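Keeping their order, the protein sequence lines are chains A and B. Going by this note's numbering, the letters in the first sequence line up with residues 1 to 112, in that order. Going by this note's numbering, the letters in the second sequence line up with residues 1001 to 1112, in that order. Even glycine gets a Cβ: it sits at the ideal position worked out from N, Cα and C. Fair warning: this is a prediction, and the values are worked out from it, not measured in the lab.
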Amino acid sequence: ETGVTQTPRHLVMGMTNKKSLKCEQHLGHNAMYWYKQSAKKPLELMFVYNFKEQTENNSVPSRFSPECPNSSHLFLHLHTLQPEDSALYLCASSRGGVNEQYFGPGTRLTVT
Amino acid sequence: SQQGEEDPQALSIQEGENATMNCSYKTSINNLQWYRQNSGRGLVHLILIRSNEREKHSGRLRVTLDTSKKSSSLLITASRAADTASYFCATAISGNTGKLIFGQGTTLQVKP
């Protein structure tokens, strides 16, 4: 247990569906992150939040919409996804800056 | 090309042997971090080495950093079957706030 939880662990959705991924950290951290991990590709940073403010959007398509209501919770809202969006989506938190990050177990997303 | 590149991409050894993985990067860094990932799970932070450090130990792990060559290595001594996983280096870029750049990883298999 890293102190970062993600739900659901697995998700299958059609291209017209709307779903949300949830991440919660119990570590008192100020920064939270969304990453995408596809087969045979490096981990891709999607979004960074520091103290609930978005500080990084790594050119992510608008069909991915993050939300950070407080420093402990992070959501990724999904709509009209494409099959190539199928991947493992990982949430992480840290004390911010260049400190080590603590990852959740991920959500395995399949878009059909 | 990527900031972090790892070598080898895959490594297979017998239990009890040592495993060495290498990471090269391109730009100035604040620190370099190593993470481990078991299949389909989240990443687990192993060790962080700052740019002014040359070597760091944690249990059976030994990390070196050569900033002149922009490279790092992770040595796992006396490997165990439970060490079977993917190992990633991640660089925290100087002047950046909270962004880690991950390599593609080395997949390690330790045979019992």
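- The CB of A/F51 never comes closer than 9 Å to any CB in chain B; the least such distance is about 11 Å.
- Comparing alpha-carbon positions, the option among A/F47, A/S72, A/V98, A/K40 lying closest to A/V60 turns out to be A/F47.
- Only P42, L43, L45, V48, N50, T55, E56 from the stretch 41-66 of chain A bring a Cβ to less than 7 Å from some Cβ of chain B.
- Around the C-beta of B/R1080, fewer than 16 other C-beta atoms lie within 10 Å, and the residue is accordingly described as exposed.
- Taking 8 Å as the CB threshold, B/K1099 lines the interface with chain A.
- CA-CA distance, A/K52 to A/P69, rounds to 7 Å.
- DSSP places A/P83 within a helical segment (H, G or I) once states are collapsed to three.
- Per DSSP, B/S1051 has no beta-bridge partner at all.
- Interface with chain B (8 Å Cβ-Cβ cutoff): A/E100 is included.
- The alpha carbon of B/L1075 has as its nearest neighbour, out of B/S1086, B/D1083, B/L1061, the alpha carbon of B/L1061.
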